[in-house]
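Data first, discussion second: the structure below is written as structure tokens.
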Amino acid sequence: RALAEALAAQGFRLVSGGTDNHLLLVDLRGFDAELTGKEAQAVLDEAGISLNKNTIPDDPRSPFVTSGVRIGTPAVTTQGMGTAEMAEIAALIARALRGRADEGVVAAVREEAAALSRRHAPYPDLAH
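Add 1 to a position in the sequence shown, counting from 1, and you land on the number used in my numbering.
Here you go:
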């Protein structure tokens, strides 16, 4: 729920108004009417943040483009991330999508996302 609240604070609309589990369905149209789920997925993949494009109820776009994204939290909660980190993740998502036309913004978000992940390594003593 912390990520849902943090995304809403960043201007995203959650389908059904929130979530009761580890999955979030986000309608991107209120955040940026021109942004598609397909583009959001590609930009955030470049930024080191994984999610899926997803259709939303009554989606005017095709299932190959979509107006929404689906976000799951199991990977980050398994790493021990909590409420503070969910706010940070939401801010990174918003920043990457707002600055998607600027490769420097996306690269900076990628570095910050990687640093966040390193701070919460699930097996810190495991050698790579």
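Yeah, the Cβ is synthetic: ideal placement off N, Cα and C, and Gly gets one too.
Residue pairing of G69 in beta bridges, as defined by DSSP: D28, N55. Proximity of the segment 59-66 to the segment 41-49 falls short of the contact definition, fewer than three beta-carbon pairs being nearer than 8 Å.
CA-CA distance, V77 to D28, rounds to 22 Å. CA-to-CA, the gap between L24 and V70 works out to about 10 Å. Within the same chain, Cβ atoms closer than 6 Å to the Cβ of V106 are found at G100, the five residues on either side in sequence being excluded. Judged by DSSP in its simplified three-state form, L127 adopts coil rather than helix or strand. Annotation: A102 is outside any alpha helix (DSSP H) and is labelled neither H nor E by DSSP. Rounded to whole angstroms, the Cβ separation of L93 and L36 is 16 Å, and the two are not in contact under 8 Å. A10 counts as exposed, since fewer than 16 other C-beta atoms from the protein chains shown sit within 10 angstroms of its C-beta.
Between I90 and A115, the gap from beta carbon to beta carbon reaches 9 Å or more. Shortest Cα-Cα distance from A34 to any of F13, N53, S17 involves F13.
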